[in-house]
Amino acid sequence: MAAKGREKLGTETPLSAEPFVPASTNLADLAAAAAACEGCPLFARATQTVFGEGPSSARIVLLGEQPGDAEDLDGRPFVGPAGSLLDRALAAAGLERAGVYVTNAVKHFSWEPRGKRRIHKKPRQSEIKACRPWLDAEVHALRPSVLVCLGATAVQAVLGSGVTIAAARGRAFDTPRGRVLVARHPSAVLRMRTPEERRRAFDELVEDLTLAARLAKRE
Ligand code: URA
Ligand code: SF4
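For our numbering, add 21 to where a residue sits in the sequence shown, where the first one is 1.
Structure representation (structure tokens):
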């Protein structure tokens, strides 16, 4: 399977994780296979695949952008500063982190060097698209009530471009892949300039997670 994927990289075939995705609805099988994914160039400079994490019974899937430096080293999604903020927002929305499934649109850390540091580099459209089969497999395995897109990259991966967070948050979208909500990315909340802006953005994230909890409970 891996050889087939490598062959593809040198040809005009579009980048895709597809040859690496097993026909399984078992999350552990998917995670194990994703560890060997070479569906786009990002695997080469990252430490490891950071697959989604959470119980197979999860009714809510939270979708971020890509692992950051901390996640790349740890191997789990949202364990760095953005993860701490997400945990606080989940708690404020009455949700337990251990009860939801947390994943990313892109499963390898995309970065560029700045001095000795590795700085987050926005994944390319082609990489987001290449990684999509993993998200599809996760969603197919979980069949969640609600998929919450955290930030623009997740929105782009699920709803396509042209949807802004400010316009789309707080509303439920019914898509062929199920119900989708849009919320701010925890890192965007952390980047707000003033404490007042940060507080407002945090409250909005909590509101959107609360809506997700309500919709999931209703099903
Ligand atoms: N930001 C993300 O989008 N995902 C993570 O896992 C960590 C930070
Ligand atoms: Fe595969 Fe996604 Fe990693 Fe690219 S980012 S190598 S498609 S798991």
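Every residue gets a Cβ at the ideal spot worked out from N, C-alpha and C, and that includes glycine.
Computed from a predicted structure; not experimentally measured.
| Item | Value |
| --- | --- |
| With DSSP run on the structure shown, which of helix, strand or coil describes residue 225? | helix |
| With hydrogens ignored, establish whether the beta-carbon of residue 141 is closer than 7 Å to any heavy atom of ligand 2. | no |
| Using only CA atoms, which one of 125, 221, 37, 154 lies nearest to residue 176? | 125 |
| Give me, in chain order, the residues of the same chain whose beta-carbon lies closer than 8 Å to that of residue 161; leave out the 5 immediate sequence neighbours on both sides. | 46 |
| How many angstroms separate the CA atom of residue 108 from the CA atom of residue 101? | 11 Å |
| Are there any heavy atoms of ligand 2 lying less than 7 Å away from the beta-carbon of residue 155, as far as the coordinates show? | yes |
| So, using beta-carbon positions, are residue 227 and residue 52 closer together than 8 Å? | no |
| Does the beta-carbon distance from residue 123 to residue 92 come in below 8 Å? | no |
| Answer yes or no: do residue 165 and residue 79 have a C-beta to C-beta separation smaller than 8 Å? | yes |
| At a cut-off of 7 Å, would you count residue 243 as near ligand 1, judging by its Cβ distance to the nearest heavy atom? | Any property of residue 243 remains undetermined from this structure, which presents the chain solely from 22 to 240. |
| To the nearest angstrom, report how far apart residue 188 and residue 170 are at their CA atoms. | 13 Å |
| Give the straight-line distance between the Cα atoms of residue 58 and residue 66, rounded to the nearest whole angstrom. | 13 Å |
| What does a CB cutoff of less than 7 Å around residue 54 pick up in its chain, not counting 5 residues either side in sequence? | 41, 42, 43 |
| If you scan the segment 31 to 108 from start to end, which runs of the alpha helix (DSSP H) of 4 or more residues do you find wholly inside it? | 48 to 55, 90 to 95 |
| What is the rounded straight-line gap between the Cα of residue 179 and the Cα of residue 221? | 26 Å |
| From what residue to what residue does the beta strand (DSSP E) around residue 124 run? | 122 to 125 |
| In chain order, what residues of the same chain have a beta carbon less than 8 Å from the beta carbon of residue 211, not counting five sequence neighbours either side? | 102, 103, 106, 219 |
| Which of helix, strand or coil does DSSP assign to residue 196? | strand |
| Does the distance from the CB of residue 129 to the CB of residue 64 come in under 8 Å? | yes |
| Let's see if you can read the secondary structure: which residues bound the beta strand (DSSP E) around residue 169? | 167 to 171 |
| Distance, Cα to Cα, residue 68 vs residue 56? | 10 Å |
| On the DSSP bridge assignment, give the partners of residue 132 in chain order. | 141 |
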